[in-house]
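Reviewing the structure listed below.
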Amino acid sequence: MLLWQLVLVFLCCSLWDTGSPRPDDVLDFQKELSTITIWAAEGQDAELPCDVSAPPGDHLNMVLWFKDSTGIPLYSLDNRVGGLDSATHMAISNELGARSYFLTHGGARLRISRVTAQDEGVFRCRVDFFNSATRNYKVNLTLVVPPDTPIILDGRGDEVAGVAGPFLEGYDMQLSCHVTGGRFYLTADRWQDGSLVDDVMETVREHEVLNRLFVASVQRSLRSATLECRATSAQAPPVVRRVGLDVYHTKYAGLQS
């Protein structure tokens with residue numbers, strides 16, 4: 008029993024010794040490296056690329072993945088014996104490690120399944136060869152945060168659901184579209200029957216923007232038109248809110264003199 012324990016300890020330490028923290032793994036986190044950004048929505052899978060191709064006449068030794076400033080690898084691939092198909096994979100025993108796997112075919116990349124908000128951060132892939140210099144790559148995993156569904160209000164500040172109005176021909180019309188949520192940038196555009204009519208917006212506060220519509224004299228051509236407010240945020244698909252317009256001719260409202 009003691010012999011088996013000693014053998015297991017030796018194998019474990021031998022594998023992780025090659026991936027033990029170096030000064031460049033801990034200090035300043037390789038700030039001089041260029042970084043690519045990979046976007047992923049929460050709950051989806053993300054794939055972080057890493058070029059493991061060896062220089063001519065050389066052979067891949069180890070691949071080590073780190074996250075943020077941590078000097079301990081979260082994932083390793085040991086290719087010291089055999090080829091990539093028989094390489095040894097090892098992940099740290101935490102929740103992120105359990106959802107990570109390094110794919111070597113069709114472009115090497117670390118796949119993270121079911122991305123969570125805690126996964127967001129800067130990952131570094133360190134590639135060691137038998138004779139050539141070590142290569143490092145940085146990947147910024149950034150979460151896509153969609154905006155909330157836009158809210159359309161009338162001139163009294165009441166929320167519009169379905170149809171706005173009735174508005175009288177020749178009188179004014181006021182509507183506003185409020186959008187919250189999202190990240191990095193947030194926009195609120197106004198469209199009419201599929202065509203962009205206004206992309207001017209006001210920033211109310213952080214992560215909240217407003218698009219106002221004021222028509223001084225409502226025309227009959229707006230009757231049954233559809234207005235929509237499209238909210239967009241970084242890398243997220245637009246979120247759309249649509250309302251119809253109810254416009255009355257003044258004579259039908261009994262207001263014509």
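Taking the numbering used here, I'd label the letters of the sequence shown as residues 8 to 264. Glycine is no exception: its CB is placed at the ideal position from the N, C-alpha and C atoms. In this text the structure is predicted, and so the values were computed from the model without any measurement.
Original post:
Helix, strand or coil: how does DSSP classify LEU40 here?
Top reply: Within the sequence shown, the letter at position 33 stands for residue 40. In this structure, LEU40 counts as coil in the three-state DSSP scheme.
Original post:
In this structure, does DSSP put ASP58 in helix, strand or coil?
Top reply: For this step, residue 58 is matched to residue 51 along the sequence shown. ASP58 falls in the coil class under three-state DSSP.
Subject >> Outcome for VAL146 when other beta-carbon atoms lying within 10 angstroms are tallied against a minimum of 16 >> reply: On the sequence shown, position 139 is the one that residue 146 refers to. By the neighbour-count rule (16 or more Cβ atoms within 10 Å), VAL146 is buried.
Original post:
Helix or strand or just coil, what does DSSP make of GLY128?
Top reply: Here residue 128 refers to the residue found at position 121 of the sequence shown. In this structure, GLY128 counts as strand in the three-state DSSP scheme.
Original post:
In three-state DSSP terms, what is SER93?
Top reply: By 1-based counting over the sequence shown, the position of residue 93 is 86. Looking at SER93 - three-state DSSP - the assignment turns out to be helix.
**OP:** Please state if the CB of CYS57 and the CB of ALA115 are separated by a distance shorter than 8 Å.
**Re:** Within the sequence shown, numbered from 1, the residue matching residue 115 stands at position 108. Within the sequence shown, numbered from 1, the residue matching residue 57 stands at position 50. Yes. Within cutoff.
Subject >> Endpoints, alpha helix (DSSP H) assigned at LEU182 >> reply: Counting from 1 along the sequence shown, the entry for residue 182 is found at position 175. Element bounds for LEU182: not the alpha helix (DSSP H) but the beta strand (DSSP E), 180-187.
Original post:
Could you check where the beta strand (DSSP E) with LEU103 kicks off and where it finishes?
Top reply: Here residue 103 refers to the residue found at position 96 when the sequence shown is read from its first residue. That residue, LEU103, is in no beta strand (DSSP E); its alpha helix (DSSP H) goes 102-105.
Original post:
Okay, do the region 211-220 and the region 242-255 touch, 3+ Cβ pairs below 8 Å being the bar?
Top reply: no
Original post:
How should VAL170 be labelled, buried or exposed, when 16 other C-beta atoms within 10 angstroms of its C-beta is the threshold for buried?
Top reply: Taking the sequence shown and counting its residues from 1, one reaches residue 170 at position 163. Exposed, by the Cβ-count rule.
Original post:
Hey, quick one: how far does the beta strand (DSSP E) through VAL246 stretch, first residue to last?
Top reply: For the purposes of this step, residue 246 is taken as residue 239 along the sequence shown, with counting starting at 1. Counting along the chain, the beta strand (DSSP E) containing VAL246 begins and ends at 243-255.
Original post:
According to DSSP, is ARG227 helix, strand or coil?
Top reply: To locate residue 227, count along the sequence shown from 1; it is residue 220. The answer is helix: DSSP assigns ARG227 an H, G or I state.
Subject >> When GLY89, LEU71, ARG121 and THR239 are compared against ALA189, the one with the closest alpha-carbon >> reply: Looking up residue 189 in the sequence shown gives position 182. Note on identity: in this sequence residue 189 is Gly, with Ala being the wrong assignment. With distances taken between Cα atoms, GLY189 lies closest to THR239.
Original post:
Are VAL167 and LEU160 touching if we call contact CB-CB under 8 Å?
Top reply: On the sequence shown, position 160 is the one that residue 167 refers to. On the sequence shown, position 153 is the one that residue 160 refers to. In this structure, LEU160 lies closer than 8 Å to VAL167 by Cβ.
Subject >> Supposed close pair LEU220, LEU182 - CB separation, criterion 8 Å >> reply: Start at 1 with the first residue of the sequence shown, and residue 220 comes out as number 213. Start at 1 with the first residue of the sequence shown, and residue 182 comes out as number 175. 4 Å between Cβ atoms; contact.
**OP:** Return the first residue and the last residue of the beta strand (DSSP E) that THR149 is part of.
**Re:** Here residue 149 refers to the residue found at position 142 of the sequence shown. It spans 142-151 - the beta strand (DSSP E) in which THR149 sits, taken as one unbroken run.
Subject >> Expected contact under 8 Å - CB spacing of LEU55 and LEU148 to nearest Å >> reply: Taking the sequence shown and counting its residues from 1, the one referred to as residue 55 is at position 48. Taking the sequence shown and counting its residues from 1, the one referred to as residue 148 is at position 141. 7 Å between Cβ atoms; contact.
Original post:
Assuming ASP200 and ALA232 make a contact with CB atoms under 8 Å, what is their CB distance in whole Å?
Top reply: By 1-based counting over the sequence shown, the position of residue 200 is 193. By 1-based counting over the sequence shown, the position of residue 232 is 225. About 6 Å; that satisfies the 8 Å criterion.
**OP:** Have a look at VAL88, MET180 and TRP46 and flag the residue whose alpha-carbon is nearest the alpha-carbon of LEU234.
**Re:** For this step, residue 234 is matched to residue 227 along the sequence shown. Comparing Cα positions, the closest option is MET180.
Original post:
The beta strand (DSSP E) spanning ASN218 covers which residue range?
Top reply: As a first step, residue 218 is located in the sequence shown; it is residue number 211 there, counting from the start. Looking at the DSSP string, the run of the beta strand (DSSP E) that includes ASN218 is 215-222.
**OP:** Using the DSSP secondary-structure output, state which residues sit across from GLN199 in a beta bridge.
**Re:** Numbered from its first residue, the sequence shown carries residue 199 at position 192. Beta-bridge pairing links GLN199 to SER202 and LEU234.
Original post:
So what's GLY172 in DSSP terms, helix, strand or just coil?
Top reply: Walking along the sequence shown from the start, residue 172 turns up at place 165. Strand.
Original post:
How would you label ASN138, buried or exposed, when you count the other beta carbons within 10 angstroms and need 16 or more for buried?
Top reply: Indexing the sequence shown from 1 puts residue 138 at position 131. Exposed is the call here.
**OP:** Using beta-carbon positions only, say whether LEU103 and ASP126 come within less than 8 Å of one another.
**Re:** Position 96 of the sequence shown holds residue 103. Position 119 of the sequence shown holds residue 126. Closer than 8 Å, so yes.
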